[in-house]
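Working notes, structure below.
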Amino acid sequence: MGTMRPHATTPSLAGRTAAAVLVGAVLALSACSSSSSHWNGGGGGNTNDGGKVTATISAPADGATDVPAAAEIAFHTKNAKNASVEVKNASSGAQVDGTMRPDGSAWVPAQALRYAMKYTAKVTATGNDGTTATGTVTFTTMAEPGNTSHMISNMGDNQLYGIGAPIVLTFTKSIPEAARAAVQRRLFVQSTPAQEGVWNWFSDKEVHYRPHEYWQVGTKIAIHALFRGVPLGNGLYGDDDLDIDASIVPSALRIDIDDATKTLTVTQDGKVIKTVPASLGKATTPSSSGNMVIMTRAEQEIFDSSTNGIPVNGPGGYRETVYYPLRLTWDGQYIHAAPWSVGQQGRFDVSHGCTNIAPDAAKWLYGIVHIGDPVTVKNTGSQLQWGNGWSDWDHDWNEYVKGSAIPYTPPAPTPAPSAS
């Protein structure tokens, strides 16, 4: 992914104040993406009295100790047209890479600072008359904490995903509600081409990101999650940073399953490429209707009813090797090969909730799908529960943004071209 550049310069900085910076602060932020980084926090002041240019760093304070490793550099300038920030290891002189937040509210190191280390930070502002002013502080980061939470991503580096794939970050320890905005403010997503997106907290251990609409085909996604050193409350801190580059498939594949017609239909770039008979969940174990995505795919998997509390040797129990399973929900709804129900496919529902299709159709489907391909199931009489799988697309956009820890602000409309 593109690196965060040092000496980032922000234009039109007259009177800009960088607001609260230590990541424990709760700041207004919807999300950070390449196209629609709608930052609402920071950047107060904006006055120019025509006097001399000035520059001061407001946080961390000069001489501060026990500064979180996730600290950002807050500064204030006056009568400046631009400014740059430089941070160095005070002992070695090594420069720290970083970049300015899109709203100019702070300068963000590309990675967490080292623990128990002294740093110097300098902001240099240039006035309209070409004169410069600087502000400098020295501070020391905290010792490495013993109580940390680890972060895991569903996306892997250099992997290819379907157009419905959400970004899912899972934490090994609960993130208190009071700390979620601070965590979210440190989660950067850059999409190329640029697409609006937002984070949604599914639980205290899981946060998702999805775009407004399905990802555009061929999109490049760069995830830069700066979690290491983030204060989470009660002595708990983030443990690690993540940098992941992923891509979206070059053509849009979608699967539609209709229990009214007992069919599974596959479309590619809006054109139907195959429809096959299907058998869904019987009345006592109905399939869920809703908007899902493929979460996992495998050539084979052992299905064991005891994992759902049904003894293998009891009524309705089973333990069987199933071929070409494509997982849709956490409670065990799949699309898979079912040679035992070929005679009922297209006619009757006989499964425990999965979508049964013929072995040759399942093998073909397995060969063309990706994790994140959208799957819509309808007319089953039972609705998908929120959070049962990557259910991000089962809420419309207006409902989805309510899951952000920071109030969402829509992007400003693009001005219409003027008549010539």
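Residues in the sequence shown are numbered consecutively from 1057, following this note's numbering.
Even glycine gets a Cβ: it sits at the ideal position worked out from N, Cα and C.
| Asked | Found |
| --- | --- |
| Val1164 burial status per 10 Å Cβ neighbour count (16 or more: buried) | buried |
| Run of the beta strand (DSSP E) containing Gly1183, from where it starts to where it stops | Lys1174 to Gly1183 |
| Limits of the unbroken beta strand (DSSP E) element including Trp1257 | Gly1253 to Ser1259 |
| Three-way DSSP call (helix, strand, coil) for Trp1163 in this model | strand |
| Nearest candidate by alpha-carbon position, reference Val1322, set Val1123, Trp1420, Val1179 and Gly1183 | Trp1420 |
| In DSSP terms, what Thr1133 is bridged to | Ala1111 |
| N-terminal and C-terminal residue of the beta strand (DSSP E) that Gln1246 is part of | Leu1243 to Thr1248 |
| Beta-carbon proximity list for Pro1367, same chain, < 6 Å, skipping 5 on both sides | Gly1373 |
| Nonlocal neighbours in the same chain, by C-beta distance under 6 Å from Val1406, ignoring five residues either side | Ser1335, Lys1338, Ser1397 and Gln1400 |
| Euclidean distance between Cα positions of Trp1446 and Pro1222 | 7 Å |
| Length of the line joining the Cα atoms of Leu1485 and Thr1197 | With the chain running from 1057 to 1476 in the structure shown, residue 1485 is simply not present. |
| Stretch pair the segment 1373-1383 + the segment 1341-1358: three plus CB contacts closer than 8 Å | yes |
| Outcome for Ala1087 when other beta-carbon atoms lying within 10 angstroms are tallied against a minimum of 16 | Note that Ala1087 scores a pLDDT of 35, beneath 50, so its modelled location is shaky; the value from the coordinates is reported in the next line. Buried, since its Cβ has 16 or more Cβ neighbours within 10 Å. |
| Stretch pair the segment 1281-1291 + the segment 1123-1141: three plus CB contacts closer than 8 Å | yes |
| CA nearest to the CA of Lys1108, picked from Thr1187, Ala1177, Thr1204 and Ile1129 | Thr1187 |
| Thr1176 beta carbon less than 8 Å from that of Pro1144 | According to the sequence shown, residue 1144 is Lys rather than Pro. It is a contact, given that the beta carbons lie within the stated cut-off. |
| Cβ-based neighbour list, Thr1204, same chain, cut-off 6 Å, excluding 5 preceding and 5 following | Tyr1293 and Asp1295 |
| Delimiting residues of the beta strand (DSSP E) encompassing Tyr1380 | Segment: none, Tyr1380 is in no beta strand (DSSP E) and carries neither H nor E. |
| DSSP three-state assignment for Glu1142, whether helix, strand or coil | strand |
| For Gly1097, three-class secondary structure by DSSP | With a pLDDT of 27 at Gly1097, under the threshold of 50, the predicted position of this residue should be treated as unreliable, though the coordinate-derived value follows. Of the three classes helix, strand and coil, the one that applies to Gly1097 here is coil, per DSSP. |
| Best match in Tyr1422, Gly1289 and Asp1448 for proximity to Thr1432 [C-alpha to C-alpha] | Asp1448 |
| Where Arg1236 sits in the DSSP three-state scheme | helix |
| Reduced DSSP category for Leu1336 - H, G, I as helix; E, B as strand; rest coil | coil |
| Candidates Ile1427, Leu1169, Met1207 and Cys1410, of which the one nearest Ser1230 by Cα | Met1207 |
| CA nearest to the CA of Pro1333, picked from Asn1364, Gly1402, Ile1304 and Ile1279 | Gly1402 |
| Pairwise C-alpha distance: Leu1440 and Lys1318 | 18 Å |
| Inter-residue Cα distance where the pair is Lys1261 and Asn1135 | 44 Å |
| C-beta contact flag for Ile1479 and Asp1118 at 8 Å | A query on residue 1479 cannot be resolved here, the shown segment of the chain reaching from 1057 to 1476 and no further. |
| Chain-order list of residues whose beta-carbon lies under 7 Å from that of Asp1314 (same chain, five-residue window excluded) | Lys1434 and Asn1435 |
| Alpha helix (DSSP H) segment containing Ile1223, residue limits | First-last for Ile1223: Ile1223 to Phe1227, but that is the beta strand (DSSP E), not the alpha helix (DSSP H). |
| Bridge partners - Gly1346, DSSP secondary structure assignment | Val1433 |
| Burial state of Gln1389, where buried means 16 or more other Cβ atoms lie within 10 Å | buried |
| Distance between Gly1183 and Asp1105 (C-alpha atoms, nearest Å) | 12 Å |
| Whole alpha helix (DSSP H) elements within the segment 1189-1221, 4-residue minimum | none |
| Beta-carbon contacts of Ala1235 that lie in its chain and below 6 Å, excluding the five residues immediately before and after | Leu1288 and Gly1289 |
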